[in-house]
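K.L.:
Residue numbers for the sequence shown follow my numbering, beginning at 393 and rising by one. In this text, a Cβ means the ideal position worked out from N, Cα and C, and glycines have one as well.
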Amino acid sequence: MTMVEAENSSILDTPVEQLRLPTRMGNFAEAKGLRTLRDLVMRHPTELLMERNLGRKSIRDTRAAIEPLLGMSWEEASTGAPVEGPGSEAGPAASREPWDALEATLPEAALQRSLDDTTLPARLRSFAEARGLRTVRDLVHVRAAELRTSPNMGRGTLRDGAAALGRLASTEDREVRAAEWRTILLRGLAALPMRERMVLTQRSGVAGPIPTLAELGVSLGVSRERIRQLEQRGAEELRRGSADVLGLGPAFAAVAPAFVERLDRVVEEGVAVVNRVEDDVPPLAFLLTTVLPESGLHTFEHDGTAYFGKATESIFLEKLGTLQRVCEGLVFPLDRAGLEDRLRAGARLTADEMPVLFELVRGAFTEEAGRVVGYGTKRDDTIIAFLRAHGRPLHVSQAIAAVGGRCRMPDEVIWVDRGMVTLPELVPDFLTWRARLGPVVTMLIAEHGEDRQWTTAELLPLLGTVADLPEWMNQHALGSLLKDAPGIAYLGRNVVTLASAGTGDRSYVLDVVEGVLESAGAPLTEADLKERVRETRGLSDLTWSMLRMKPPFLLLDGGRVGLAPRDVPGGIAATKAFTDASFAWLEGRERGVVARELADFVRTQPGPVCDWDIRLTRSVLRHDGRFRQAHGGGLGLAAWGETRARTQRQAVEQVLAGRNRVPLDEVIAAVPTVSGDPIPKERLALLVKECGAKLTHGFVVRDAAPRSAPLEPQSWAMRVPERSAATFEHYLRDARPAAALRDALVEWHAALLDSDSWAIDRDQVRDLFRRAMRLLEKAPEAAEVRAAVEYLVCVSDAESDLVVGGLDDDAAVLAVVEAAQGSAA
C-alpha cells in the first residue's frame, strides 16, 4: 500500500464521533451502527433522505462536514471511487482525473469484466465497439485526453462512465445483504440513462403510486409500447450494470421462507429486510419480478398485509381457500386441542404452510369453555353484541376495536352520522321511517329529476319541505334508511336513483365530468360545468375542489376547465417538450421555484408554450408524476420528496425575522401564491398565527404572550421528523385547548373520509383519528399531545394531506408523542 493509499484509507476509517455531524445525523449513525466515515459515505444521500428523521438540512450540513475530508462529492464516494483526501497529490492512483485513475484502482475481477455485461453511457459504448475493445481493462487503458478527442465525447460522458465503472470497485467480490436492497436499487436507478431512469423510477414505485404503461406514455408523450421497451431495457441495464443487483437474488433466497411469511417478520441476521412495509412492497415487488425474475421469489399483499416468499400469490390464495373450506365443513362443537393438526391434515398443508395460513382463519372461530363452537360468525356477532350493549351510536373505530382488527360492518349495522354506527332498534322510530320514506323519496325524485342519480345530501332539504323530520335525520341516516326502501335503488356511498331507472351502477363523478366536457367540445366555466354535471348526479363542493385537480382536467384562465390533451395549445407534442424541459431545468437547478419564476421560464419556451397561463402550466405539470407542487405555488421534483421552494410560511418568517412589527402590505407582497395575486387576508391570518404573530390594525405583530408555556421545544423538535420540527415546536407553545381540538379532529376526520381522492388511505385516516382521540383522552393538558393533534389538523399542510403519503408526517409526529406518553406512563 502506498503512502497516499494508507492516508486515504485512514480518512475513511475516521470514527463518526470525531466528525462534525449535525445532531440528527449523529443520532442516525448511532442508531444504525455506522461507526466510521466509510460506513456513512456508503449510504447514498438520496437513500438517507427517505429516513423519517433526516431532512435536506441534515444532508446539507453532513455534506459540508465530510466532503472536505473526502476530496470529492458524497455521491462519488458512495460508489466506491478512490478517496482523494483533502491534500492528495496527483499521481497514477490518485489522479484528479477520475477516468485515468480507474486502471490502477479497479480490482482485477472488475478489469476482466466483459463490456457486454457492463453499463456504460451510449457514446462510450459506441467508442469501445468502434475500437474493438472487449473488456473493462481495454477501455480504461485509453486515457481521458484521447477519449475527449473522439467525436461527441465530452466531460459529462467521461464523468458518467467513470462513475459507472467506479461502482464495480465496491461491488465485485462483495457479499450483498438482502437488507441493503433499497440502497442498491436506488443507486442502480440513479446510474441509468435519463429516459430509462425516468420510466423505472415511476414504474418501480420508489417515487410514489405506480402509473400504468399507458398513463406513463401519455405523461411522457410516447406510446405504451415504447414505455414497455424502455422499462425492459432499463431492467436489463440494472442487471448488467451492478454486481450488487445480481447479488440480491441469492441474498433474498437465503432469507426467503419455503412458503411465505409476513414481510415485516422477514429478518437477516436480526435486521428487518424492510423498514416501512407500506412503502417498500411496490419497489420490492418490482425488483423481484421485473429485475430479478429468475430469483423465483415473490411479494404481494393480501387483506392489507404484505407477504414474501417462494410461493406466488395464486398458490397462496389457492391454499388459503382450501383451508377455509375445510374450516366451513367442520362439525361443531369440537375440542380446541388438536384443531390445527386436524385442519392441516384436511387441507393437506405442509409444516411451512400451516402457521401463516392458520393465522388468517384463527379469528373466525368461536370458542366457549375451551371448545370450538362455530366458525365464521364471531366477528359479526361480537360487533352486534357490542353495539347493543352500549345502546347508543359509537364511532366505527370503537366497533372495530371490539373484534381486535379490521373488518367490514355487518349488514345489520347502520350509519347514522360521519363515522358513527349503531343498530336500527336503537334509533327512535327508525323502522317506522324506513317504511315511510320509500314512496316520499320516489315522488321527490320523479318530480325533480327522475333520470339522474341523487345524493342523500341533495335529497335531505327537499324531504324537509314535505316531512317533519326527526332530529337524528341527516344524509348518512337517510342513506341507511333508503338501502332497502321500495322503489329506490341504493347505488352506494349515499347515492340513490329510482329503481325503475334500470341502472345498478353508480355514476362516478369523474366519468360524468369528463363526459360533459367531451360533449361540450371546448372548455367550460366551472359554474356551467358543475350545473351540467348536476343534471346527471349530485356533486358537492368538497368533491369538486379535489376532483378538478386530477387528470385529465385542466384549470384554465377565466375560471374555465378543460380536458388534456385536447385543450392544451400545442397538444401532446408541446406537453412533452415542456415537461421534459421543465424536468431538465429543475434537475439542473437542484432547487425548486415559485410561481413567478415558473411563469418567467414559460415565457422563454418556443412555440405555443410561451403563451400558456400559470393555471394551465401548473395543470400540465400536475399530471406528470415527475413533479411535486405545493399549495403556495412551489414546484419541485417528486424524487426530492419536497419542492425545495420557499413556502408561504417561510416567506412570512423571513419577513418577521428580527422584527416585532411589520406593515401588512410588506408581508402580503413577500408571500408567494399560485396565481401571483396577493394572498387573501384570511389565509394570511392563519399563516402568521402559525409563526407566533397576529394581524393588528394593518400590521403583523409578534405575539409576546403565548397561551401556554413551552415544554422543552428544542428537545421535542429533535425527536420529530426534521420537516415537521418547526411547526410542531410552534404548536408546543400555541395549541388550542383539548375540547376545541376534539371538535377540529372530528371535522378533519369527516372531511377526509368524505373525500373522493383516490390517494387518501382511509384506513390510515381512521387509525390516526383513533390514536389522536386516545391521546386527548389520556393527557388532555399535555402540551406535546395538543401540539401533535394540532399538527394533524393544521391547515398549513391540508392540501398535502390529500396526496399519496400525505399523512405520513402526521403519523410520525403522533408516534413520537405516543412513545413519550407510554414511557411516561
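Judging by CA-CA distance, which residue of Gly811, Val765, Cys1186 and Leu955 is the nearest neighbour of histidine 787?
P.N.:
In the sequence shown, the residue the question calls residue 787 occupies position 395. Answer by Cα proximity: Gly811.
K.L.:
To the nearest angstrom, how far is it from the Cα of tryptophan 466 to the Cα of valine 994?
P.N.:
Walking along the sequence shown from the start, residue 466 turns up at place 74. Walking along the sequence shown from the start, residue 994 turns up at place 602. Going by the C-alpha atoms only, they are around 33 Å apart.
K.L.:
Starting from threonine 406 and walking both ways along the alpha helix (DSSP H), at which residues does that stretch end?
P.N.:
The residue given as residue 406 occupies position 14 in the sequence shown. Premise fails: threonine 406 is in no alpha helix (DSSP H) and is neither H nor E.
K.L.:
Tell me, which residues are paired with serine 506 by DSSP?
P.N.:
In the sequence shown, the residue the question calls residue 506 occupies position 114. DSSP lists Thr527 as partners of serine 506.
K.L.:
How would you call lysine 711, buried or exposed, if buried means at least 16 neighbouring beta carbons within 10 angstroms?
P.N.:
Along the sequence shown, one-based indexing puts residue 711 at 319. Buried, because 16 or more other Cβ atoms sit within 10 Å of the Cβ of lysine 711.
K.L.:
Taking a contact to mean a Cβ-Cβ separation below 7 Å, would you say proline 915 touches leucine 948 in this structure?
P.N.:
Counting from one through the sequence shown, the residue named residue 915 turns up at place 523. Counting from one through the sequence shown, the residue named residue 948 turns up at place 556. Result yes, Cβ atoms of proline 915 and leucine 948 sit closer than 7 Å.
K.L.:
Extract the residue ranges of the alpha helix (DSSP H) inside the region 893-929, only unbroken runs of 4 or more that lie entirely within it.
P.N.:
For the region 893-929, whole alpha helix (DSSP H) runs of length 4 or above, ordered along the chain, are 901-912 and 918-925.
K.L.:
Would you give the residue range spanned by the alpha helix (DSSP H) that threonine 1009 belongs to?
P.N.:
For the purposes of this step, residue 1009 is identified with residue 617 of the sequence shown, where counting begins at 1. 1006-1014 is the extent of the alpha helix (DSSP H) around threonine 1009.
K.L.:
Can you tell which of Phe519, Arg800 and Lys875 has the C-alpha that lies nearest to the C-alpha of alanine 827?
P.N.:
Within the sequence shown, the letter at position 435 stands for residue 827. Closest option to alanine 827, Cα to Cα, is Lys875.
K.L.:
Check each candidate in Ser687, Lys1170 and Ala1117 and name the one with the smallest Cα separation from lysine 449.
P.N.:
By 1-based counting over the sequence shown, the position of residue 449 is 57. Closest by alpha carbon: Ala1117.
K.L.:
So what does lysine 1086 bridge to, in DSSP terms?
P.N.:
The count along the sequence shown starts at 1 and reaches residue 1086 at position 694. Answer is Val1093.
K.L.:
Mapping DSSP to helix, strand and coil, what is arginine 1053?
P.N.:
The residue given as residue 1053 occupies position 661 in the sequence shown. Three-state DSSP puts arginine 1053 in a strand.
K.L.:
Tyrosine 1183 to phenylalanine 1120, Cα distance in whole Å?
P.N.:
Position 791 of the sequence shown, counted from the start, is the residue given in the question as residue 1183. Position 728 of the sequence shown, counted from the start, is the residue given in the question as residue 1120. Cα-Cα distance, rounded: 6 Å.
K.L.:
Could you check the C-alpha separation between tryptophan 846 and arginine 926 for me, to the nearest Å?
P.N.:
On the sequence shown, position 454 is the one that residue 846 refers to. On the sequence shown, position 534 is the one that residue 926 refers to. Their backbone Cα atoms lie some 9 Å apart in a straight line.
K.L.:
Are the beta-carbon atoms of leucine 939 and valine 901 separated by less than 7 Å?
P.N.:
Your numbering for residue 939 matches position 547 in the sequence shown. Your numbering for residue 901 matches position 509 in the sequence shown. It is a contact, given that the beta carbons lie within the stated cut-off.
K.L.:
What does the alpha-carbon distance come out to for the pair glutamate 745 and serine 706?
P.N.:
Within the sequence shown, numbered from 1, the residue matching residue 745 stands at position 353. Within the sequence shown, numbered from 1, the residue matching residue 706 stands at position 314. Near 14 Å, if we compare the C-alpha coordinates of serine 706 and glutamate 745.
K.L.:
Please work out which residues of its chain come closer than 7 Å, Cβ to Cβ, to leucine 722, disregarding the five sequence neighbours upstream and downstream, and give them in chain order.
P.N.:
Your numbering for residue 722 matches position 330 in the sequence shown. The answer, listed in chain order, is Tyr767.
K.L.:
By a C-beta neighbour count over all protein chains shown, 10 Å radius and 16 as the cutoff for buried, is valine 652 buried or exposed?
P.N.:
Position 260 of the sequence shown, counting from 1, holds the residue named residue 652. Buried: at least 16 other Cβ atoms inside 10 Å.
K.L.:
Could you compute how far the alpha carbon of threonine 996 sits from the alpha carbon of leucine 539?
P.N.:
Position 604 of the sequence shown holds residue 996. Position 147 of the sequence shown holds residue 539. Roughly 35 Å separates the two Cα atoms.
K.L.:
DSSP three-state label for aspartate 992, please.
P.N.:
Indexing the sequence shown from 1 puts residue 992 at position 600. Of the three classes helix, strand and coil, the one that applies to aspartate 992 here is helix, per DSSP.
K.L.:
On the three-state DSSP scale, how would you describe aspartate 636?
P.N.:
Within the sequence shown, residue 636 is the residue found at index 244, counting from 1. Correct three-state label for aspartate 636: helix.
K.L.:
Would you call the region 582-601 and the region 668-676 in contact, with 3 or more CB pairs under 8 Å?
P.N.:
Touching, per the Cβ criterion.
K.L.:
Specify, as a first and last residue, the run of the alpha helix (DSSP H) that alanine 571 falls within.
P.N.:
As a position in the sequence shown, residue 571 is number 179, starting the count at 1. Segment: none, alanine 571 is in no alpha helix (DSSP H) and carries neither H nor E.
K.L.:
Name the DSSP beta bridge partners of phenylalanine 1019, please?
P.N.:
For the purposes of this step, residue 1019 is taken as residue 627 along the sequence shown, with counting starting at 1. Its beta-bridge partners are Leu1029.
K.L.:
Which ranges does the alpha helix (DSSP H) cover as unbroken runs of at least 4 residues, wholly within the region 620-673, from first to last along the chain?
P.N.:
Here the runs fully enclosed are 635-647.
K.L.:
So what does methionine 938 bridge to, in DSSP terms?
P.N.:
The sequence position of residue 938 within the sequence shown is 546, counting from 1. Methionine 938 pairs with nothing; no bridge assigned.
K.L.:
With DSSP as the reference, please indicate the residues paired to glutamate 760 in a beta bridge.
P.N.:
Here the question's residue 760 lines up with position 368 in the sequence shown. DSSP, once it has assigned bridges, lists Arg763 as partnering glutamate 760.
K.L.:
In this structure, how does DSSP classify leucine 890 when only helix, strand and coil are distinguished?
P.N.:
Here residue 890 refers to the residue found at position 498 when the sequence shown is read from its first residue. Leucine 890: strand per DSSP, three-state reduction.
K.L.:
Please report the distance separating the alpha-carbon of leucine 1029 from that of leucine 978.
P.N.:
Position 637 of the sequence shown, counted from the start, is the residue given in the question as residue 1029. Position 586 of the sequence shown, counted from the start, is the residue given in the question as residue 978. Spanning the two alpha carbons is a distance of roughly 7 Å.
K.L.:
Just tell me which of Gly930, Phe757 and Asp695 has its CA closest to the CA of glutamine 867.
P.N.:
Taking the first residue of the sequence shown as 1, we reach residue 867 at position 475. Of the listed residues, the one whose Cα sits closest to glutamine 867 is Gly930.
K.L.:
Would you please state the rounded distance, in angstroms, between the beta carbons of valine 986 and arginine 1038? I believe it to be under 8 Å.
P.N.:
Counting from one through the sequence shown, the residue named residue 986 turns up at place 594. Counting from one through the sequence shown, the residue named residue 1038 turns up at place 646. With 8 Å as the limit, valine 986 and arginine 1038 qualify as a contact, their Cβ atoms being about 6 Å apart.
K.L.:
Could you tell me whether the Cβ atoms of glycine 1025 and proline 1064 are closer together than 7 Å?
P.N.:
Here residue 1025 refers to the residue found at position 633 of the sequence shown. Here residue 1064 refers to the residue found at position 672 of the sequence shown. Contact flag set, yes.
K.L.:
Would you kindly check if the distance between the Cβ of arginine 632 and the Cβ of aspartate 359 is under 7 Å?
P.N.:
No answer is possible for residue 359: the residues shown for the chain start at 393 and end at 1217.
K.L.:
Quick one, which of Leu608, Asp492 and Ala570 has its alpha-carbon nearest alanine 555's?
P.N.:
As a working note, residue 555 is residue 163 in the sequence shown. Closest by alpha carbon: Asp492.
K.L.:
Below 7 Å between beta carbons: does that hold for threonine 549 and proline 513?
P.N.:
As a first step, residue 549 is located in the sequence shown; it is residue number 157 there, counting from the start. As a first step, residue 513 is located in the sequence shown; it is residue number 121 there, counting from the start. Their beta carbons are under 7 Å apart, which means threonine 549 touches proline 513 by this criterion.
K.L.:
Does the ligand MG have even one heavy atom less than 6 Å from the beta-carbon of proline 675?
P.N.:
By its list of ligands, the structure shown contains no ligand whatsoever, and the ligand MG lies outside what it can speak to.
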